[in-house]
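Student: I have a structure here, written as structure tokens, and I will follow up with some questions on it.
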Amino acid sequence: CCWLLAVAMMRKQMQGSRDIFAQTIRLGQLTANNPTASRLQQAERLHFMGISLPVSEPQQRESYLRQSLDLISDAPTEDVIAQRLLARIHNSLARQLESTSPTEAESFYQRSLKIKQRPRIRDINGLSRLALDRRLPDLDTAVYHFQQSLYLCARNG
Numbered sequence: 128c129c130w131l132l133a134v135a136m137m138r139k140q141m142q143g144s145r146d147i148f149a150q151t152i153r154l155g156q157l158t159a160n161n162p163t164a165s166r167l168q169q170a171e172r173l174h175f176m177g178i179s180l181p182v183s184e185p186q187q188r189e190s191y192l193r194q195s196l197d198l199i200s201d202a203p204t205e206d207v208i209a210q211r212l213l214a215r216i217h218n219s220l221a222r223q224l225e226s227t228s229p230t231e232a233e234s235f236y237q238r239s240l241k242i243k244q245r246p247r248i249r250d251i252n253g254l255s256r257l258a259l260d261r262r263l264p265d266l267d268t269a270v271y272h273f274q275q276s277l278y279l280c281a282r283n284g
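Quick note: to get our numbering, add 127 to the position in the sequence shown (first position is 1).
What follows is the structure, given as structure tokens:
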């Protein structure tokens, strides 16, 4: 929590500055490599580092996201916090791979969806977006996934 608060404060102070990416990564590296941090904490920080990099650095973004995934891919299904992070990592990887590897992106969205179908873990808009962003948009699939997302939101509040 302190890590996220520090990053949020830093973002607010550096709003509009290109240095935000470098500072976020520096802070992430300091904390992700902390030998006393749990695997979950390390995975959180690597995930945040991956999504904080500019889109102009796709290989490094993907590298951090995959490292994050490797750390918690075997998290117990009963660990809701780890499962929520795992779903976010899958979504982030899917989003990162949408343009370069749509098949792999869809696989990550499907894995995220499988996790989110468990109680207390929800969100399937990524599959809708992927269906819309295809060269020939699949409107039926996009509408279906948006409807499912709406249904889940209404059901779970």
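Glycine is no exception: its CB is placed at the ideal position from the N, C-alpha and C atoms.
Could you give the distance in angstroms between the alpha-carbon of E225 and the alpha-carbon of A164?
Tutor: Mapped onto the sequence shown, residue 225 falls at position 98. Mapped onto the sequence shown, residue 164 falls at position 37. C-alpha separation (whole angstroms): 31 Å.
Student: For chain C, find out if any of its Cβ atoms is closer than 8 Å to the Cβ of E231; answer yes or no.
Tutor: No chain C is present in this structure, which holds just one protein chain.
Student: Please state whether DSSP places S234 in a helix, a strand or coil.
Tutor: Within the sequence shown, the letter at position 107 stands for residue 234. In the structure shown, S234 sits in a helix (DSSP, three-state: H, G or I).
Student: Do A258 and F235 have their beta-carbon atoms positioned less than 8 Å apart in this structure?
Tutor: Translated into positions along the sequence shown, residue 235 becomes position 108. Translated into positions along the sequence shown, residue 258 becomes position 131. No, Cβ-Cβ distance for F235 and A258 is not below 8 Å.
Student: Three or more C-beta pairs under 8 Å: does that hold for the region 202–211 against the region 179–189?
Tutor: Not touching, per the Cβ criterion.
Student: Look at Q223 and R188 and say whether their C-beta atoms are less than 8 Å apart.
Tutor: Counted from its first residue, the sequence shown places residue 223 at position 96. Counted from its first residue, the sequence shown places residue 188 at position 61. It is a contact, given that the beta carbons lie within the stated cut-off.
Student: Ordered along the chain, which non-local residues of its own chain (more than five positions away) have a Cβ less than 8 Å from that of H217?
Tutor: Here residue 217 refers to the residue found at position 90 of the sequence shown. L196, F235, Y236, R238, S239 and I242.
Student: DSSP three-state call for R222: helix, strand or coil?
Tutor: Mapped onto the sequence shown, residue 222 falls at position 95. Three-state DSSP puts R222 in a helix.
Student: Just to check my reading of the structure: A232 and I199 have Cβ atoms closer than 8 Å, yes? What is that Cβ distance to the nearest angstrom?
Tutor: One-based indexing of the sequence shown puts residue 232 at position 105. One-based indexing of the sequence shown puts residue 199 at position 72. Actually they are not in contact, since the Cβ atoms of A232 and I199 sit about 20 Å apart, beyond 8 Å.
Student: My understanding is that S219 touches H272, with C-beta atoms under 8 Å, so please give their C-beta distance in whole angstroms.
Tutor: Walking along the sequence shown from the start, residue 219 turns up at place 92. Walking along the sequence shown from the start, residue 272 turns up at place 145. In fact, because the Cβ distance is near 18 Å, the residues do not count as touching under 8 Å.
Student: If you follow the alpha helix (DSSP H) that E171 is part of, which residue opens it and which one closes it?
Tutor: The residue given as residue 171 occupies position 44 in the sequence shown. It spans R166 to S179 - the alpha helix (DSSP H) in which E171 sits, taken as one unbroken run.
Student: Compare the Cα-Cα distances from L212 to each of R193, S228, R262 and P229 and report the closest residue.
Tutor: Against the sequence shown, residue 212 aligns to sequence position 85. When each option's Cα is compared against that of L212, the closest is R193.
Student: Relative to the C-alpha of L167, which candidate in I208, T268 and S179 has its C-alpha closest?
Tutor: Within the sequence shown, numbered from 1, the residue matching residue 167 stands at position 40. It is I208 whose Cα lies nearest to the Cα of L167.
Student: Any idea what DSSP makes of L263, helix, strand or coil?
Tutor: Numbered from its first residue, the sequence shown carries residue 263 at position 136. In this structure, L263 counts as coil in the three-state DSSP scheme.
Student: Starting from Q189, follow the alpha helix (DSSP H) in both directions and report where the run begins and ends.
Tutor: In the sequence shown, the residue the question calls residue 189 occupies position 62. Residue 189 is actually Glu in this sequence, not Gln. Its alpha helix (DSSP H) spans residues P185 to I199.
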